[in-house]
Structures are given as structure tokens and as C-alpha cells.
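Quick note, the UniProt record's numbering runs 1 ahead of the 1-based positions in the sequence shown.
Backbone N, C-alpha and C define an ideal beta-carbon position, used for all residues, glycine too.
Since the structure comes first, as C-alpha cells, the remarks are kept for the end.
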Amino acid sequence: DIVSTKKILLDAKRKKYAVPAFNIHNLETLQAVLEGAWEMKSPVIIATTPGTIKYAGMDYMIAMAKVGAKKYNIPIALHLDHCEDIEFLKECIYAGYKSVMIDASKLEFEENIKISKEASKFAYKNEATVEGELGKLCGQEDDIIVDRKDAMLTNPDAALEFVKRTGVDSLAVAIGTAHGIYKFEPKLDFDRLLKISRIVEIPLVLHGASGISDNSIKRSIELGICKVNIATELKIPFSDEIKTYFSENPKENDPRKYFNPAKERVKNIVKKKILVCGSANRK
Ligand code: 13P
Ligand code: ZN
Ligand code: NA
């Protein structure tokens, strides 16, 4: 059956590797991710945003993940990514999600605590695990002035207070990454990450990992990151392969043909990211 992220992230923390979380959107991307993870014998987190769940259908999503969990002999978690709506989060847990993220990071500190605490209480009662977020991921603009940047990144002392008061199981930190790809790879604030992981005991999560070099991802895992989120680095190649296929075969209309190179490409990237995360052969 699908697992929660509790055990797999604690194992990752103990052994200093990270479990990759790949955002998927449909059957094809799910298959590609699971095949890649299975070939590497890696635990894997299937991440679905509220937008994806609304697109694919919550029931379909859970059913597909369950089929995968039955088919492949590796730990597979189905995770609700970036949920800002506590009612939707509860709906997902009722329906069978065992891992959720409450993202109230846009709100003021006290509001974030209040909502994240409610999410973690609800999840605890229903045997699900919760990821909270403190700090703001940087925007696409890479030219934000330093003062503003500092105000957005996760404050280590505030992180400790946040974790204590909310009871979340894992914490997404802002150390300079952003969602999407970058014009220039950002310099990550490793000192800040080290300070956070010295005082916060729960697994830490790196969002926005697409576009971050393998070395920086590895460094952040050494410094306490246990979950690495990757979306764009799968999404762009997947659609690029489909575009290429159609430019070379403009008359093709069979999805059983035009999806294959895209799936293969995603699977290969998944395998590479698993090597970077150090999660191969951990199942
Ligand atoms: P990227 O799109 O930069 O990989 O970010 C993924 C992410 O953080 C999903 O929550
Ligand atoms: Zn994210
Ligand atoms: Na990114």
C-alpha cells in the first residue's frame, strides 16, 4: 500500500540521503517516475499539487498510486504538495492521502502557525504526516536585493519555534531556491541551512530543486535536507520530447507512440536525480 512520508524521511535523515519527490500530472508521468525509482530500488514520493488533483481527479490519483504501490516492491508515498486550503487538505486525507503539505508560508508567522498546527493535529489523528513551510521561496527574478532576500529566507530560531508549536513532521525551508528554472543558478545559503538543521530535529525539505546543480543538492543533503522536490526538470523535457516527436512525425496521432520518448526521458532524469539524492538501494 502507499506509505506515509514519516518512516522514509526519518530513515533518510539517519543515513544522510534524501528521498526525491517528483511532481507528476498524469498516468504517463507517474509510470515514468515509478519505473525509474523501481529500477534504482529507491523510495519515492509522488507529489501532486491541488491543481494536479483537480485536473486528474483525486480518486484516479489515489487509485493510480495504489496500483503502483502494489506493482513495485519499493516504498511509494503519495503526497499533497503546496496546499494552502485546510479544507482541501482534510478532503485529501479522508480520501487516502497519507502525506500532505500545508503551505501557509505566505501568511504572517502566527497565522502560519495556527493553520499548520490545525493541519498537523488533523493529520496525526488520521495517521498522515504533514510538511509545513516557513520562509518564502525566491521569485523568478534573480536580482532581488540582499535585504529583501534575507527577510524571505527561513530564520533558524523562528524555525525551531514553528516546529515546536505546530508539531509538523517535516519542514520546507527557504535557503535561496525558487520554483522553476533559473536564468542564473542561485547561491544557496548553506550557513543558514546548517544553523537550521543544528537546532531543528525533524527532516528538512528543499523545494525548487530544478536548476540546482548536483553538487549543491548533495551539499544541502549533507547539511540536513531529507526530501528534494523536483517538478520543472521533468515537466520541460516531457513536453520537449512530445514537441520533437510531432515536428518529426507531424501526421502521428497515436498516444501509444508519441508519449513513449517523453516517458523514457522522464525516467532517465528520475534515475539521475535518485543518484544525486543517494536514495538508490534504500528500499
Ligand atoms: P521545481 O519546479 O523548481 O523543481 O520545484 C519543485 C517544487 O518545489 C515542488 O513543490
Ligand atoms: Zn515547492
Ligand atoms: Na527550481
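Helix, strand or coil for I47? Go by DSSP, reduced to three states. strand
Say yes only if the C-beta of H26 is nearer than 6 Å to one or more non-hydrogen atoms of the ligand ZN, and no if none qualify. no
In three-state DSSP terms, what is I25? coil
Taking a contact to mean a Cβ-Cβ separation below 7 Å, would you say M65 touches L35 in this structure? no
Per-residue DSSP class, three states only, for D170: coil
Unbroken stretches of the beta strand (DSSP E), 3 residues or longer, contained in the stretch 65-132: 77-84 and 100-103
State the CB to CB distance for the pair I46 and P21, rounded to an integer number of angstroms; the pair is presumed to be in contact (CB under 8 Å). 7 Å
Counting contacts by CB-CB distance shorter than 7 Å, is N250 in contact with chain D? The chain labelled as chain D is not found in the depicted structure, where only one protein chain is given.
Reduced DSSP category for L11 - H, G, I as helix; E, B as strand; rest coil: helix
For the alpha helix (DSSP H) that contains C227, what are its first and last residues? Not the alpha helix (DSSP H): C227 falls in the beta strand (DSSP E), residues I226 to I231.
Between which residues of its own chain and E119 is the CB-CB distance below 7 Å, once the five residues before and five after are set aside? I87
Please determine whether the Cβ atom of A210 lies at a distance below 6 Å from any heavy atom of the ligand 13P. yes
Figure out for me which residue from P238, F239, G212 and H208 has the closest Cα to the Cα of C227. H208
Kindly indicate which residue of E92, F23, A78 and I213 has the alpha-carbon position closest to the one of L235. F23
Specify the secondary structure class of E134 as computed by DSSP and reduced to three states. strand
Cβ neighbours of K8 in the same chain (closer than 8 Å, five flanking residues each side left out): P76
Below 8 Å, can you find three or more Cβ-Cβ pairs linking the stretch 163-170 to the stretch 104-122? yes
Taking all protein chains shown into account, do 16 or more other C-beta atoms lie within 10 angstroms of the C-beta of S171, making it buried, or fewer, making it exposed? buried
Closer than 8 Å by C-beta to C278: which residues in its own chain qualify, once you throw out the five before and the five after it? Chain order, please. Y18, A19, V20, P21, S43, I218, I222 and V229
Can you name, in chain order, every residue of its own chain whose Cβ lies under 7 Å from the Cβ of S214, other than the five neighbours on each side? E186
Tell me whether T6 counts as near the ligand 13P, meaning its Cβ is closer than 6 Å to at least one heavy atom of that ligand. no
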